[in-house]
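There are 4 protein chains.
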Amino acid sequence: MKELKIGVIGSGSTYAPELIDGFIKRREELNVKQVVMMDVDSERLEITGNLARRMVKRAGMDTEIILTTNRREALDGASFVVTQVRVGLMEGRARDEKIPLEFGILGQETTGPGGFAMALRTIPVMLETAREMEELSPEGWMINFTNPSGLITEALSRYSKMQMIGLCNVPITYLMRFAKLYNVSVEHIYMDYFGLNHLTWMRKVYLDGKDITAEVTERILEGDAQDLLGFPFNKSMVRSLGMLPGGYLQYFYHRDRILEKQLTSGNRAEQVMKIDRELLELYSDPDLNEKPAILDQRGGAWYSDAACALISAIANDKKEIHIVNTRNKGALGGLPNDVVVEVPAMVNSAGPHPLVMGELPLGIRGLVQVVKTYEQLTVEAAVHGSREQALLALANHPLVPTVDIAEKLLDRILEENKAFLPQFYH
Amino acid sequence: MKELKIGVIGSGSTYAPELIDGFIKRREELNVKQVVMMDVDSERLEITGNLARRMVKRAGMDTEIILTTNRREALDGASFVVTQVRVGLMEGRARDEKIPLEFGILGQETTGPGGFAMALRTIPVMLETAREMEELSPEGWMINFTNPSGLITEALSRYSKMQMIGLCNVPITYLMRFAKLYNVSVEHIYMDYFGLNHLTWMRKVYLDGKDITAEVTERILEGDAQDLLGFPFNKSMVRSLGMLPGGYLQYFYHRDRILEKQLTSGNRAEQVMKIDRELLELYSDPDLNEKPAILDQRGGAWYSDAACALISAIANDKKEIHIVNTRNKGALGGLPNDVVVEVPAMVNSAGPHPLVMGELPLGIRGLVQVVKTYEQLTVEAAVHGSREQALLALANHPLVPTVDIAEKLLDRILEENKAFLPQFYH
Amino acid sequence: MKELKIGVIGSGSTYAPELIDGFIKRREELNVKQVVMMDVDSERLEITGNLARRMVKRAGMDTEIILTTNRREALDGASFVVTQVRVGLMEGRARDEKIPLEFGILGQETTGPGGFAMALRTIPVMLETAREMEELSPEGWMINFTNPSGLITEALSRYSKMQMIGLCNVPITYLMRFAKLYNVSVEHIYMDYFGLNHLTWMRKVYLDGKDITAEVTERILEGDAQDLLGFPFNKSMVRSLGMLPGGYLQYFYHRDRILEKQLTSGNRAEQVMKIDRELLELYSDPDLNEKPAILDQRGGAWYSDAACALISAIANDKKEIHIVNTRNKGALGGLPNDVVVEVPAMVNSAGPHPLVMGELPLGIRGLVQVVKTYEQLTVEAAVHGSREQALLALANHPLVPTVDIAEKLLDRILEENKAFLPQFYH
Amino acid sequence: MKELKIGVIGSGSTYAPELIDGFIKRREELNVKQVVMMDVDSERLEITGNLARRMVKRAGMDTEIILTTNRREALDGASFVVTQVRVGLMEGRARDEKIPLEFGILGQETTGPGGFAMALRTIPVMLETAREMEELSPEGWMINFTNPSGLITEALSRYSKMQMIGLCNVPITYLMRFAKLYNVSVEHIYMDYFGLNHLTWMRKVYLDGKDITAEVTERILEGDAQDLLGFPFNKSMVRSLGMLPGGYLQYFYHRDRILEKQLTSGNRAEQVMKIDRELLELYSDPDLNEKPAILDQRGGAWYSDAACALISAIANDKKEIHIVNTRNKGALGGLPNDVVVEVPAMVNSAGPHPLVMGELPLGIRGLVQVVKTYEQLTVEAAVHGSREQALLALANHPLVPTVDIAEKLLDRILEENKAFLPQFYH
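Next comes the structure, spelled out in structure tokens:
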């Protein structure tokens, strides 16, 4: 079995132990010789890194855990680089979620103006990382979890030659939920699933090859699985579509319900920051040498499973089907060939090979196309520091109602994120 | 010169005299032997028809004017059929403009839910007309002015084999305005102009072959032509686009400004009805034997010019460039080949041949794509009487903010238009 | 395990025992309850059918073997229908191979004018079969081996709604050869393989995920594997392509070498007929209850493996990669979406899902496009009995040097196959 | 009227007086201030240049005629640059026509291996010219007549940013012939015409807007216009196509007839050289001050008309339809957007705007696609000096029967043209 060096950029994240847990669980198929955990915050890194060392030790593995604040050290010669950075930290996220509300627009980490702001901050950093990988680990694969994942993958696929895959935990989350609903393990479920990152639909769901879409739709709409999608979508819409919308569609289909909730309840970022502090405290316990059970309860569940399974599919040439973010190349009709889409792909040692999904169904075509247009404009704006492209991006986003608002919103975002947007302030 | 029979469906319209005036002005190049004026309202028809007769007589022409309430009579053997019907009459339009306001959405005759309702009522009637033309005048050309013109042309091009062109007076209106601004006749101006009906942009404007786009943009944004576009668009947006938006873009880019105005001012349909009554009274004057000068002041100015010029281009094999609604066939990249677009086309005896316009610019691509998706869904809904397609159509429209609202809006529209929507109530 | 009924159309073929052998070998994963062996030649059927019964009995299986000359009986309720018919029998093939030689063109069963003639005879019969399946086994899958397989699949995919996959033993043959060369079992080899049936290239060959294309190319061109492709292709061409041509490319790249050989040696059909008679005699031996070892030595080796593996992938929802003939839908750029191509596809219970292969490399693009054009024209000719389309088909084929020859060749083919071409003689 | 400077590259050609004649005939619409006649052969230039001066003087025009061997002088500030160079001179053409015959392939100046050799010699020189125009006359338009015109335009459109149009005298020749057949002036004829340079079809022919295709086809096939196409094409083929093939199709459809004639008759290049010498002698007569009538009898008739009409369409913003070689951009479905095609285009001051022609008809699709593939490969070979791409180009050409012949032919062509192919011998 080939010895692997894994670089983890953003290892101070409280998600890091999940990844280590994933390598431990897959020790029979992944020979992880070294994990280089890198983060700019050495204090957090100390905490997550030491937990990682205790976990590996408890598992009786000899995987070397290296802690560093030097990104190049993590990338150098890496077989795989897992990226999960947050430029601007949680404070940035909090701003991203608050500013849109001032304009009557919902605030969300990855969707709408919030995701737009995050992309402007993050794309330059990720491009820099990609350039370093081109130099230091040209044979390696970047597995990107950094959000907004679709936009990051779009930018890197367009402006870097490095091998990369964008990953999201939404597909695996639904697979797991269907598996649980039918009391089977996840291999028994298959989804005909496609779209853009955080803008996806399930056209078909199969249980052991049997099409259960109609049945599962009824269980979701009227029956015992009303929580499955994560949001009570308008039933007529779901039936008219003939497909199941992924949870993030709530922000498009039901923006008013979300906005109302956000205006009355607290900020999501603040809740997450609180959990984050609690987790770090928990991780600091020198007696803790396992992934804490509590982790399974928050948003990123199964996150490590998706990443480790994908790494194994490449490392072991598995020819498995994974749902990933990768170049379209004809998989989804109605979108250009050179943009990034989220589709099932056969993954082997040569990377992801998307399955042909056919023309976008008419009922969702326009929405997918307009969001992709927004994404391409955002990437251009972020890479070139162009206010013009940035305005066009926001003005084209379905959640931004008017051009006048787009302009004011852009001014606010650029102003509030000034410290992180050198490309706009040169 | 070939003798022409012209059928005019909806001849009770107060626009009809403009068309007659157009034939009179082009008597040297169009040998109009017969105009069959058809309308379901024989009283109105009597008024407009008699005026037409007086106009022809005064011009010393021997064109025969036939009045009929039988559509087949107007279509039978026609060289050209001009259609300008209004299913549900002005009362329908008034409803179309009012219902959306109940949901906080702007009400407009052709754009948004108003245009959607109008399309549901009108498409079946126009399809019936097309079927009759296939039978009665298979060699003839339909020149459609019936609104919403883009949707009607989309429906007829998809579900009929008849030869047809969708026409709009917006392109000629801009040509005229640029000509006036530069004090030249209209032949000196050329526009690189494209999009969908009532969703168009001018990429370039030329004066005698010289690119005056930048200059004209500044005159519009900051100078002496601030009224030219018909709306004071956000200046940053116009500069970022690098193109001039057609006036109907106000309903997308500045919906809030429109909505505010509509909520405080009266209904457009009511104003138009008032003008309409006044015009009919005027037309009834047995001494009137010319197109009244007052006509030039309202929205449909130059309407007859566009139609007559187009008829002449076909009848006389002129190989002229006209901006028309016709099948895409590759003219606009980013849209399917089989949908209708509004683009410049070389028009000769074989009809319109669109010019290749290249890929949709990124700054407008998504909006054009999502509106076309909405149009295709609306056509399916209107033709098949499908509530599912109708819901998807409305839910996909950029002006409809949420799916819940789309559903309620659809219920209201179907209910209020029940008398005109047999396809939904069978 | 689901009980399967398999219909085998053309069961009098000496290939039939291979298929039975395949079911026996896969008894653990395929529960074949019934095999209905159908052939129009009851004498041959008696021989192959009785051998099948002895084979099943020896294996201790309770699979029911039914013999019939009634096709509908074989199709009725079948889970899978394997088709391997030969309209015009071996005598037809002999003619297909001889007539082109009269015009200085190589004679080949599936490629060029020979394949064209075979397609004209066979497409109507296969379409009839497809129509019956639509009626009698709408849920079933047709696995087609009938040659010319690409043309048959093109015709059926265009003119029938039945579920079908076209299969060829060339891909599996190469997989087996690479496996043998590297002394591994076939699962260790993966090919990036694409084109049209009998017009394919291997872009990449992988051993356990490692790209061995360059190495294997040198072994083939200069080393110890010079027989692997089945033909000594021009080395400069192989190197310029940067891909390995499938054996059938010999008929395009080296037509002169083939023609010379054919003009001096005997007819391939006659050799096959001789083997065929010998095999039937062998099969008649009542003591024979296994697939005779001699079968492995002729062209169709591993044929049953490909079919049974594909049946199992569908029946057991395996999500395996198989190389099949199926609708393009965007898999191969440079060809229309609605034509049939030969590409790797993920096969599960819902059938084949092609992998996106990207744009056709320039070095082969034109050849693939012109052969596909020929195929589409041939299908139109065969279905509609059109001499015009037939002439265009032949005149477009790269092996037919001039239009005058195409015309004479067409006359000869139509004349000689008159008895089998009712569509041209009505 | 704007003053024009015209550069003519290759002015020693005996075609040059035709161009001067064209400017004289269009003096009312083209204000040609200066013609800079450039040629590397100063002796020939002296002869054609002095004739040009006498012609201008006789016409009473004050156009300045400048003779130079310095290309940059001709390009500097030119409004239009007409290029008609012949790298390797007539001796090169003679070789191009002879070498293929050694391999049993017809020899033709622009088609097949002859055109291929010419392209390898000519593309680098034309690219150099284009680079100089980018520097010296970035606002100017190159009108290219240099053969093989399609390949040159493909190369320049791909590797230069200069404004250019490829022109051919075939379309205007057919327009003239139809006009003569119907005794009308050329404006009364319109052709629906498309393909690649020297590989074109007339789908429709119109007389004053009336479709006369069927009638004209019968006159050509059976009646009084059997010489019109310039070759007696196979009648069944023409009828099956439902379109009229351009004369150059003879080399594809009837290569055997051509080859036979070439093997028995003299070389075309030698005949042309003889005429060329006679013409130069004629031109030297100091009393000659008009275009000699004899010019109208040879191949390039109306050549100046096409060029001058095109120049006038741009200079005077005429919005006329001209058939030109330009980027596809969606005009011809079935070809990439970025390749050069020969199609009708609306020509105004901004250059050519192709008309949408729809999908390539099936009966010609493959041939057009394979020749375009050959062209793209040839351009890559010529630009990069790649033997691999050169072999693929020849091997893909429909006239080259086998890969082995392609290889030998390539060796001969590279060897014989060594002096002109520095890119292959560095």
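Residue numbers (full-length UniProt numbering), protein chains in the order written: chain A, 1 to 426; chain B, 1 to 426; chain C, 1 to 426; chain D, 1 to 426. All C-beta atoms in this analysis are idealised placements derived from N, C-alpha and C, irrespective of residue type, glycine included.
Answer with yes or no whether the minimum CB distance from residue i to chain C is below 9 Å.
i	result
D:GLN271	no
D:GLU192	In the sequence on display, residue 192 of chain D carries Asp and not Glu. Chain C contact via Cβ: absent.
A:ASP211	yes
In whole angstroms, what separates the C-alpha of residue i from that of residue j?
i	j	result
C:ARG93	A:ILE321	42 Å
B:MET142	B:GLU128	13 Å
C:GLU73	A:PHE252	53 Å
D:ALA312	D:MET126	First, the amino acid is wrong: residue 312 of chain D is Ser here, not Ala. If I take the Cα positions, the gap works out to 24 Å.
D:MET90	B:ASN197	56 Å
A:GLY114	A:PRO398	13 Å
B:GLU380	A:GLN226	31 Å
Against residue i, what residues of chain B qualify as contacts under a CB-to-CB distance less than 8 Å, listed in chain order?
i	result
D:HIS322	Going along chain B, no residue has its Cβ under 8 Å from D:HIS322, so there is no contact; the nearest lies around 11 Å.
What would DSSP say about residue i, mapped onto helix, strand or coil?
i	result
B:HIS254	coil
C:PRO352	strand
C:PRO422	helix
C:ASP192	strand
A:LYS57	helix
B:HIS322	strand
C:THR83	strand
C:VAL205	strand
Does the distance from the CB of residue i to the CB of residue j come in under 9 Å?
i	j	result
A:ARG387	B:SER240	yes
D:GLY150	D:ASN396	no
B:GLY195	B:VAL370	no
A:ALA130	A:LEU156	yes
C:GLU18	C:LYS291	yes
B:ARG121	B:ASN417	yes
Check the Cβ of residue i against every Cβ in chain B and list those closer than 9 Å, keeping chain order.
i	result
A:GLU388	SER236, ARG239, SER240, LEU241, GLY242, GLY363
D:LYS329	GLY330, GLY333, VAL356, MET357, GLY358, GLU359
Who are the neighbours of residue i on chain B, taking C-beta pairs under 7 Å?
i	result
A:ARG255	PRO401, THR402
A:THR373	LEU362, ARG365, GLY366
A:LEU263	Those do not exist, as A:LEU263 stays about 15 Å from chain B at its closest Cβ, beyond 7 Å.
Can you pull the chain A neighbours of residue i, defined as C-beta to C-beta under 8 Å?
i	result
B:LEU377	LEU362, GLY363
C:TYR206	ASP317, ASN348, SER349, ALA350
Could you confirm whether any beta carbon from chain D is found closer than 9 Å to the beta carbon of residue i?
i	result
C:LEU127	no
C:THR111	no
C:GLU407	yes
What does residue i reach in chain C if we use C-beta pairs closer than 7 Å?
i	result
A:MET346	ILE321, MET346, LEU355
For residue i and chain B, any beta-carbon pair shorter than 9 Å?
i	result
D:ASN316	yes
Any beta carbon from chain A within less than 9 Å of residue i's own beta carbon?
i	result
C:ASN183	no
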